[in-house]
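For the sequence shown, the positions run 1 to 391 when full-length UniProt numbering is used.
Ideal Cβ placement from N, Cα and C applies to all residues, glycine included.
Worksheet: the structure to be examined is printed underneath.
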Amino acid sequence: MYKLPEKIDAANAKTVEEELMRTRPVELDASSLSAVSSSGLRMLLRFSESLPGSLRLNDVSGEIYEILETTGFTEIWDVRKKPRQVVIDGLPLIGTGSWAKVYLLDEETVIKVYDSPNNDLYPDKAKYESDISREVFKRKIPTAISYNLVKCGTYDAGVYERITGPTLAEEMVKNPQKLEELMRQFADIGRKLHAADAPKNIFPNVMDSIRMPGVDQMMTVWLDEQEVKKWNQLYDVIPVRETLLHTDFQYSNVMIQNGEMILIDVGGAAYGHPILDFFGTYIWAYHPEIIRMPFPDGMCREAFDTYVKYYFGDRLTEDNRPVLYDLLEFTGMLTGATMFALKAAAKENHTPTEEERKRVHAMFDPLFQREIRDLREKFLLADKELFDKGF
């Protein structure tokens, strides 16, 4: 990474430009830059236009950022403000995930520290999740406010609004007599979420997290060549829509604060068909042998069916209900089987056991018997009668 000098103006712009043209960096360290003239800006613009991709400026001071924003350069380059350092020593740890740990910063804010080794694969994970969370919030979806990016030592971190209160899952168990009303409110959020647009230039395709590069090779651990081909054909059946998805829309990712339901963990939001956001709750309800949740017997199914009733309202009829539930079974089992197969295949030095092979094929084999034409026709009907955006 090339480090810019403290000042760039007519006196040194040519020298800096020659050095940049010689080394061709795509990232510039602007931590020392305290002044830049129009000559400096035009020089950087010429250099950026010579690059095949976008120019990135790191650790930009507030004063320089204001200049770049006012002149429109933040719309041309990837400009990153210099984050402030936050010391987390002594802060209460209130959550741990596969990517980050969450600490209580004060009574109204938390800090999410991306300290997992997994982040080496995605070095911009903190900024990505913060940007996506902000985009979801801009669409008036009830979710935690994303404030700013900071540093905790060498780790990236994001500051978010603290949401207090129980999760929807906790409230369901504590007050089962309120299940009907809780599912009505849950359906309200689901409809609002899925009525929002998710442009492809802002959000990723949900399928990118499933059908990533190399995934066909990973699937050959379990499936033969023809079965992998069929697996791809089954995913091709699911229509692509620029509908906003949470991608893990379930009871533990909703919190209840002062009577209002608020979505959490929206950093994985994407675009796709809304039926894919039914995956978790459907599997809990109808396939507890795959994922058993700590709910009283029968609650998951009652909750899911009630959610479906309120989500679709009078659109759900005796004629299209069997079609809907057939497609929920199809997408739920396809996603569940795929997630299990990929997770197991990703283990280092892991040789699948015979029991694992039987389990994978018990999930996939019925799917491979499905007729592609029949599935397409059912999706066409469901999109026409159930999933259009006229909520």
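Do Leu234 and Ile88 have their C-beta atoms within less than 9 Å of each other? Stepping through the sequence shown from its first residue, residue 234 is reached at position 234. Stepping through the sequence shown from its first residue, residue 88 is reached at position 88. No; because the gap between Cβ atoms is not below 9 Å, this pair is not in contact.
Local conformation of Thr154 per DSSP, three classes: Counting from one through the sequence shown, the residue named residue 154 turns up at place 154. Thr154 falls in the coil class under three-state DSSP.
Could you tell me whether any non-hydrogen atom of the ligand PLP is closer than 8 Å to the CB of Trp284? With respect to the ligand PLP, the structure shown offers nothing to examine, as it has no ligands at all.
Under the three-state DSSP convention, the category Asn232 falls into: Here residue 232 refers to the residue found at position 232 of the sequence shown. Correct three-state label for Asn232: helix.
Mind checking which residues open and close the alpha helix (DSSP H) that includes Lys174? Position 174 of the sequence shown, counted from the start, is the residue given in the question as residue 174. Element bounds for Lys174: Leu168 to Lys174.
Local conformation of Met363 per DSSP, three classes: One-based indexing of the sequence shown puts residue 363 at position 363. DSSP, reduced to helix, strand and coil, places Met363 within a helical segment of the structure shown.
Taking the beta carbon of Thr247 as the centre, do at least 16 other beta carbons fall within 10 Å, making it buried, or is it exposed? To locate residue 247, count along the sequence shown from 1; it is residue 247. By the 16-neighbour rule on beta-carbons within 10 angstroms, Thr247 is buried.
Opposing strand residues paired with Leu244 [DSSP bridges]: Locating residue 244 in the sequence shown gives position 244, where the first residue counts as 1. Tyr271, per the DSSP bridge assignment.
Name the residue from Tyr128, Ile132 and Ala303 whose alpha carbon lies nearest to the alpha carbon of Asn175. As a first step, residue 175 must be located in the sequence shown, where it is residue number 175. Here the closest residue by C-alpha is Ala303.
Measuring alpha carbon to alpha carbon, tell me which residue in Glu329, Cys300, Pro274 and Val60 is nearest Tyr311. To locate residue 311, count along the sequence shown from 1; it is residue 311. That would be Pro274, whose Cα lies nearest to the Cα of Tyr311.
Tell me where the beta strand (DSSP E) around Leu386 begins and ends. Position 386 of the sequence shown, counted from the start, is the residue given in the question as residue 386. Counted as a single uninterrupted DSSP element, the stretch harbouring Leu386 is not any beta strand (DSSP E), since DSSP gives it neither H nor E.
Given Ser209, which residues of its chain have a CB within under 6 Å of its CB, disregarding the five upstream and five downstream residues? Taking the first residue of the sequence shown as 1, we reach residue 209 at position 209. Cβ neighbours of Ser209 beyond the five flanking positions: none.
6 Å Cβ shell around Gly272 - same chain, five flanking residues per side excluded: As a position in the sequence shown, residue 272 is number 272, starting the count at 1. Once the five neighbours on either side are set aside, the close Cβ partners of Gly272 are Val206 and Leu245.
With a CB to CB cut of under 7 Å and the five nearest residues on each side skipped, what residues in its chain are close to Met293? Position 293 of the sequence shown, counting from 1, holds the residue named residue 293. Result list for Met293: Trp284 and Cys300, in chain order.
If we count the other Cβ atoms within 10 Å of its Cβ and call it buried at 16 or more, is Asp314 buried or exposed? If you number the sequence shown from 1, residue 314 lands on position 314. It counts as exposed.
Roughly how many angstroms lie between the CA atoms of Tyr2 and Leu45, to the nearest whole one? Within the sequence shown, the letter at position 2 stands for residue 2. Within the sequence shown, the letter at position 45 stands for residue 45. C-alpha separation (whole angstroms): 16 Å.
Take the Cβ of Leu380 as the centre, count every other Cβ of all protein chains shown within 10 Å, and call the residue buried at 16 or more, exposed below. By 1-based counting over the sequence shown, the position of residue 380 is 380. Its Cβ having fewer than 16 others within 10 Å, Leu380 is exposed.
DSSP state of Thr164, grouped into three classes? As a working note, residue 164 is residue 164 in the sequence shown. Taken through DSSP and simplified to helix, strand or coil, Thr164 comes out as coil.
By Cβ distance below 8 Å, which residues in the same chain neighbour Gly214 in space, the five residues on each side in sequence not counted? As a working mapping, residue 214 is identified with position 214 in the sequence shown. Answer for Gly214: no residue qualifies.
Strictly by DSSP, which residues pair up with Lys3? For the purposes of this step, residue 3 is identified with residue 3 of the sequence shown, where counting begins at 1. Per DSSP, Asp29.
Taking the alpha-carbon positions, what's the Ile8 to Glu161 distance? For this step, residue 8 is matched to residue 8 along the sequence shown. For this step, residue 161 is matched to residue 161 along the sequence shown. Approximately 38 Å, taken between the alpha carbons.
List the residues that DSSP assigns as beta-bridge partners of Gln85. Position 85 of the sequence shown, counted from the start, is the residue given in the question as residue 85. Bridge partners of Gln85: Lys151.
When burial is assigned at 16 or more other CB atoms within 10 Å of the CB, is Asp277 buried or exposed? The residue you call residue 277 lines up with position 277 of the sequence shown. Buried, because 16 or more other Cβ atoms sit within 10 Å of the Cβ of Asp277.
Any beta carbon of chain B sitting closer than 9 Å to that of Glu385? No chain B is present in this structure, which holds just one protein chain.
Looking only at C-alpha atoms, which of Asp29, Thr335, Asp124 and Thr70 sits nearest to Asn58? On the sequence shown, residue 58 is found 58 positions in, with the first residue counted as 1. Nearest option by C-alpha distance: Asp29.
Member of Thr70, Val26, Glu129 and Leu168 whose CA lies at the smallest distance from the CA of Val159: The residue labelled residue 159 in the question sits at position 159 within the sequence shown. Among Thr70, Val26, Glu129 and Leu168, the Cα nearest to that of Val159 is on Glu129.
For Glu260, report the span of its beta strand (DSSP E) as first-last. Residue mapping note: residue 260 aligns to position 260 of the sequence shown, counting from 1. Residues Glu260 to Leu263.
May I ask which residues mark the beginning and end of the alpha helix (DSSP H) holding Gln257? For the purposes of this step, residue 257 is taken as residue 257 along the sequence shown, with counting starting at 1. Taken as a continuous stretch (DSSP letters only), Gln257 belongs to no alpha helix (DSSP H), being part of the beta strand (DSSP E) at Val254 to Gln257.
Using DSSP with H/G/I as helix, E/B as strand and the rest coil, what is Asp106? In the sequence shown, residue 106 corresponds to position 106, counting from 1. The answer is strand: DSSP assigns Asp106 an E or B state.
DSSP three-state call for Thr353: helix, strand or coil? Here residue 353 corresponds to residue number 353 of the sequence shown, with the count starting at 1. DSSP places Thr353 in coil when its eight states are reduced to three.
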